[in-house]
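J.: After the structure tokens below, expect a handful of questions from me.
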Amino acid sequence: MEIFQFLATLTCALFAGAALYINLVEHPARVSCGIAAAVAQWAPSYQRATWMQAPLAIIGLISALIAWRAGASYWWLIGAVLLGAVVPFTFLVIMPTNRRLLAPDLDAGEARRLLQKWNALHGVRTALSIAALIIFLICFPPR
589 MEIFQFLATL TCALFAGAAL YINLVEHPAR VSCGIAAAVA QWAPSYQRAT WMQAPLAIIG
649 LISALIAWRA GASYWWLIGA VLLGAVVPFT FLVIMPTNRR LLAPDLDAGE ARRLLQKWNA
709 LHGVRTALSI AALIIFLICF PPR
């Protein structure tokens with residue numbers, strides 16, 4: 589059980605740290621370079637981040653669920669749900685914005701609006717992962 593608690597905490601911390609960095613550092617920096625440059629940089633950044641963040645969220649979710657099923661408190665289930673929620677949130681809420689940002693016919697005005705919207709939506713993912721991390725840190729190490 590403790591190994592899964594550690595793995596859930598570690599992967600959640602990595603996810604939350606990366607998400608916070610994206611919201612507070614990377615995205616504002618990319619937008620400060622101008623909209624055309626921001627859109628051009630957003631696409632490869634998004635594709636690379638997907639391959640890092642999605643596995644972290646899924647491994648964290650599964651690890652926390654296993655820890656909970658192995659006898660950890662119900663807080664591990666709550667943390668698992670919070671961290672796991674970033675996956676459907678991404679597919680259901682953020683993905684339409686992502687698709688539009690990748691569209692070849694995107695104009696500068698729409699791009700500016702979509703980049704602002706994307707950062708706010710990504711902020712929800714950040715908040716969910718930080719909430720899960722706080723729960724995991726309070727509950728770990730096991731008492």
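In my numbering, each residue carries its 1-based index in the sequence shown increased by 588.
Yeah, the Cβ is synthetic: ideal placement off N, Cα and C, and Gly gets one too.
1. With residue 689 as the anchor, note down where its alpha helix (DSSP H) starts and where it stops.
2. If you compare alpha carbons, which of 634, 620, 623 and 693 is closest to residue 682?
3. Any idea what DSSP makes of residue 724, helix, strand or coil?
4. The alpha helix (DSSP H) that contains residue 621, what's its start and end?
5. When the Cα atoms are used, what is the spatial distance from residue 600 to residue 702?
6. Can you check which of these residues, 632, 680, 710 and 667, is closest to residue 598 by C-alpha distance?
7. Taking C-alpha atoms, which residue in 662, 613 and 674 lies nearest to residue 713?
8. Pull up the distance between the alpha-carbon of residue 728 and that of residue 615, whole angstroms please.
9. For residue 589, which three-state DSSP category applies?
10. Looking only at its own chain, which residues have a Cβ that is under 6 Å from the Cβ of residue 653, when we skip the five neighbours before and after it?
11. Could you check the C-alpha separation between residue 656 and residue 593 for me, to the nearest Å?
12. Of all the options 625, 642 and 644, which has the alpha carbon lying nearest to the alpha carbon of residue 696?
13. For residue 643, name the three-state secondary structure that DSSP assigns.
14. From residue 720 to residue 650, what distance separates their C-alpha atoms?
T.: In this structure, then:
1. Taking the first residue of the sequence shown as 1, we reach residue 689 at position 101. 683-689 is the span of the alpha helix (DSSP H), which, as asked, contains residue 689.
2. As a first step, residue 682 is located in the sequence shown; it is residue number 94 there, counting from the start. Closest by alpha carbon: 634.
3. Translated into positions along the sequence shown, residue 724 becomes position 136. Correct three-state label for residue 724: helix.
4. Counting from 1 along the sequence shown, the entry for residue 621 is found at position 33. From DSSP, residue 621 is part of no alpha helix (DSSP H); its letter is neither H nor E.
5. Walking along the sequence shown from the start, residue 600 turns up at place 12. Walking along the sequence shown from the start, residue 702 turns up at place 114. Rounded to the nearest angstrom, the two C-alpha atoms are 27 Å apart.
6. Along the sequence shown, one-based indexing puts residue 598 at 10. Among 632, 680, 710 and 667, the Cα nearest to that of residue 598 belongs to 667.
7. Translated into the one-based positions of the sequence shown, residue 713 becomes position 125. Nearest option by C-alpha distance: 674.
8. Stepping through the sequence shown from its first residue, residue 728 is reached at position 140. Stepping through the sequence shown from its first residue, residue 615 is reached at position 27. Answer to the nearest angstrom: the Cα atoms are 32 Å apart.
9. Taking the first residue of the sequence shown as position 1, residue 589 is located at position 1. It is coil, neither helix nor strand.
10. In the sequence shown, the residue the question calls residue 653 occupies position 65. If we look at residue 653 and ignore the five residues flanking it on each side, its Cβ neighbours are 668.
11. For this step, residue 656 is matched to residue 68 along the sequence shown. For this step, residue 593 is matched to residue 5 along the sequence shown. So the alpha carbons of these two residues sit roughly 9 Å apart.
12. Numbered from its first residue, the sequence shown carries residue 696 at position 108. Nearest of 625, 642 and 644 to residue 696, Cα basis: 625.
13. Here residue 643 corresponds to residue number 55 of the sequence shown, with the count starting at 1. Helix.
14. Within the sequence shown, residue 720 is the residue found at index 132, counting from 1. Within the sequence shown, residue 650 is the residue found at index 62, counting from 1. The alpha-carbon atoms of residue 720 and residue 650 are separated by roughly 13 Å.
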